[in-house]
Structures are given as C-alpha cells and as structure tokens.
Amino acid sequence: MPLDLNQFKWTRQPKSYQISDKEITIETLPHTDLWQRTYYHFRNDNAPVLQMTTEEQYFSLVVKTTFDSHHRFDQCGVVVYLDSENWIKGSIEYENETFQHLGSVVTNQGYSDWATVEIPAETNSMWYRLSRRGQDFRIENSLDGVTFKQMRIAHLAKATDEIAFGIYACSPEDSSFKATFTDFALMDCQWQAHDGQQPD
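For what it's worth, the working numbering labels the leading residue of the sequence shown as 25, then goes sequentially.
Structure representation (structure tokens):
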C-alpha cells in the first residue's frame, strides 16, 4: 500500500529537502556519512536519515531512488538506523567515471562491514526492497521495480521490538548532490519463510 510520507521523521536533516505526497528529495551536505571503525578506524555518524518506526516484525518497504551523483562516495538508498552503532544501509556509492559500488553495510555493536559489486557509472536509478523477519533483514535491488535480486541477508542484534527504517543520502567527501525517492510502498513481507533445512 502507498505510504503516508508524513510518518517519516528526521534523525538528522540534510542541506535541503522537499516532501510531497509521492516524492522526497534530499540535497546532501559535504562530509556526511555512516561508518563505524572497521578497517578505516574512523567513526562517521552524521548522514541525513529519514525514517518511520514500527513494531511490526514482518514487512517489506519498496522505494525507487534517482540521483545525479558524480563525486566519489556519494550515496543514497534504504536504511534501518537504530542508533550510531547498530544499523543497516543499502545503496549505490559512486566511485569514478567507470563504475559505482552497489552494496550494503551492516553495523552491529559499533563495527561495520561492507559488501559490494561493481555496476556501470552511468546507472542513475535503482529500486530497493527492504524486508524484515524479526531481527533478520534482507535487502534486494531492481532496475525496473518488478524483478528484484538479493543483495544481502543480515542480522541486527538490537532489532528486537520497535525499529526505525527508511531512507538516507550522504556525501562523505567535499561534494553535494540531489537524491529523489519515489514509488514508496509498505507491504506484507515479501521475504518468505525458509522452507529448507530446519532450525537447530
């Protein structure tokens, strides 16, 4: 079903934004990011995050992102942000004129990990489907909003009851760009229960 975008609340606001019935536009501030410790050793927790909350244990959020980023590390996508040390994000991150990174970061207890694949630099639109099954989450992506491909299955230890989930955009280096989010839909969980090996 369509989402009432007025349910979304800012954790941190961007340089500028617009919210209408069907569309959210975010203009990023320079030097904004989400990352915790691993490998790079720095901690960044200042990206604009716009979310709603729910206690529902099983759901899927779908959203389309369109963007005009052309600077290294510019990114926008979906997020489950619980606090500075516990969150998941999925996005495209611009790298150079040849390729971008389509990937996800999972942060538990203050340590991030990053999984990516390279996609063409000219890609400027992507659909995401974020699904929750209890404390487990799946992020999928799609070029057409119809056929979704799995990017990541992950566990958030702190996602026990109410969580916050939504969208984000940021520019880790000295840049700024506009990200547009459309085609929001909140639905029954599209990630079906596992029907193979039984739990231990």
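Where is the CB? At the ideal position from N, CA and C, for every residue including glycine.
Query                                                                                                : Result
CB contact flag (F205, T89, <7 Å)                                                                    : yes
C-beta atoms of A209 and A193 nearer than 7 Å                                                        : no
C-beta contact flag for Y105 and A178 at 7 Å                                                         : no
The segment 41-51 touching the segment 120-136, judged by at least three CB pairs closer than 8 Å    : no
Among A183, S40 and K46, the one whose alpha carbon lies nearest that of N30                         : K46
8 Å contact criterion, which L154 and L58 should meet: CB distance rounded                           : With 8 Å as the limit, L154 and L58 do not qualify as a contact, their Cβ atoms being about 15 Å apart.
Helix, strand or coil at Q31 according to DSSP, with G and I counted as helix                        : helix
7 Å CB neighbourhood of F32 in its chain, flanking five on each side removed                         : L74, Q75, M76 and G190
Residue range of the beta strand (DSSP E) that includes V130                                         : F123 to N132
Closest residue to W215 among E164, S200 and N132 (Cα-Cα distance)                                   : E164
Neighbour-count burial assignment, V103, 16 or more Cβ in a 10 Å radius                              : buried
Secondary structure, beta strand (DSSP E): runs of 3+ residues fully inside the segment 188-217      : 202-211
Cβ neighbours of R156 in the same chain (closer than 6 Å, five flanking residues each side left out) : F83
G134 burial status per 10 Å Cβ neighbour count (16 or more: buried)                                  : exposed
Beta-bridge partners of H179, as assigned by DSSP                                                    : D160
Residues near M211 in its chain [Cβ-Cβ closer than 6 Å; skip 5 each side]                            : S84
Exposed unless 16 or more other CB atoms sit within 10 angstroms - verdict on Y63                    : exposed
Beta-carbon spacing of L180, Q159 below 7 Å                                                          : yes
Alpha-carbon to alpha-carbon, E117 and H65                                                           : 20 Å
Span separating the alpha-carbon of N241 from that of H218                                           : Because the chain spans 25 through 224 in this model, residue 241 falls outside it and cannot be assessed.
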